Amino acid sequence: KQEVTQIPAALSVPEGENLVLNCSFTDSAIYNLQWFRQDPGKGLTSLLLIQSSQREQTSGRLNASLDKSSGRSTLYIAASQPGDSATYLCAVQTGANNLFFGTGTRLTVIP
Amino acid sequence: EAEVAQSPRYKITEKSQAVAFWCDPISGHATLYWYRQILGQGPELLVQFQDESVVDDSQLPKDRFSAERLKGVDSTLKIQPAELGDSAMYLCASSPRRGAYNEQFFGPGTRLTVL
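Sequences listed follow chains B and F, in order.
First residue of the first sequence: 177, per my numbering; consecutive thereafter.
First residue of the second sequence: 40, per my numbering; consecutive thereafter.
In structure tokens form, the structure reads like this:
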């Protein structure tokens, strides 16, 4: 069974810093990887989706990379803002069309 | 912008009672998913529909959970009887069709508390 791990579990940074969130998965036979944002008590907002054939995707201050062969992905957030405070989840999609999620990284950006 | 709708947003119930959650996917989306997210964990798939048919319910506790999507549009997830361990966020998602390269779009979720 696919297992997804996210490190660190929690992260606090001062406003303006660049930061990297890490995601690793055990089975490299994936179709895509998605990064989500979840605010407390809310649903999931999709941030970026990387197809298995791609190496990275960018949206504004966010950049996600994928190294499928090593089972790793990173989410880079540039010039962090207090509004970026949330839990960030990564999920991989397998041939069964299921999404397997990590447990998330809880980010706090301190003004 | 099209969104996945869910109701209620919050539900408090006592154990052994029945509860039901409703989901309306993005118009035209053929595939619908129900996930359960326990506090501090990532969501886990409960059931997946393609149109009105169940294509994966291997993780659905069928002794107490049921799900239907009668007309292939909106869906209902039911728990009867509810147990304390069912307290969680229940998330609905949809995608245009079943397939490996489809992005899933999530609703706001229903937060269930079982007392």
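We treat Cβ as the ideally placed atom computed from N, Cα and C, and that holds for glycine.
Since we're looking at a predicted model, the values are computed, not measured.
At the C-beta level, F/Leu130 and B/Leu220 come within 8 angstroms of one another. The C-alpha of F/Leu109 is placed about 16 angstroms away from the C-alpha of F/Ser66.
Taking the beta carbon of B/Thr250 as reference, no residue of chain F falls within 7 angstroms; the closest one sits roughly 18 angstroms away. Between the stretch 232-243 of chain B and the stretch 56-66 of chain F, the count of Cβ pairs shorter than 8 angstroms is below three; the stretches do not touch. Scanning B/Gly217, B/Lys218, B/Arg248 for the CA closest to the CA of B/Arg231 turns up B/Arg248.
The way I'd put it, the stretch 204-213 of chain B does touch the stretch 256-272 of chain B; three or more beta-carbon pairs between them come closer than 8 angstroms. Apart from the 5 residues on each side of it in sequence, B/Ser228 sits with its Cβ closer than 7 angstroms to the Cβ of Ile206, Tyr207, Asn208, Lys244 in its chain, given in chain order. Residue state for F/Leu123 is assigned as helix, using DSSP reduced to three classes. Annotation note: the stretch 84-131 of chain F contains the following uninterrupted beta strand (DSSP E) runs of length 3 or greater, listed N- to C-terminal: 92-95, 104-107, 114-118. Contact annotation: F/Ser126 and F/His68 have beta-carbon atoms that are not nearer than 8 angstroms. Taking 8 angstroms as the threshold, the shortest C-beta distance from F/Phe104 to chain B does not fall below it. Put simply, the backbone Cα of B/Asp215 is about 10 angstroms away from that of B/Asp260. Note that the C-beta distance between F/Trp73 and F/Val86 is below 8 angstroms. Taken through DSSP and simplified to helix, strand or coil, B/Asp243 comes out as strand. As DSSP reads the structure, B/Leu225 sits in a beta bridge with B/Gln210. Remark: C-beta atoms of F/Pro120 and F/Lys54 approach each other more closely than 8 angstroms. B/Leu225 and F/Gln80 have their alpha carbons spaced roughly 21 angstroms apart.
Counting along the chain, the unbroken beta strand (DSSP E) around B/Gln269 starts and ends at 262-269.
Assigned with DSSP and collapsed to three states, B/Pro190 falls in strand.
As computed with DSSP, F/Lys50 is found in a beta bridge with F/Leu151.
Nearest neighbour of B/Gly271 by Cα position, chosen from F/Ser114, F/Thr115, F/Val112, F/Asp95, turns out to be F/Asp95.
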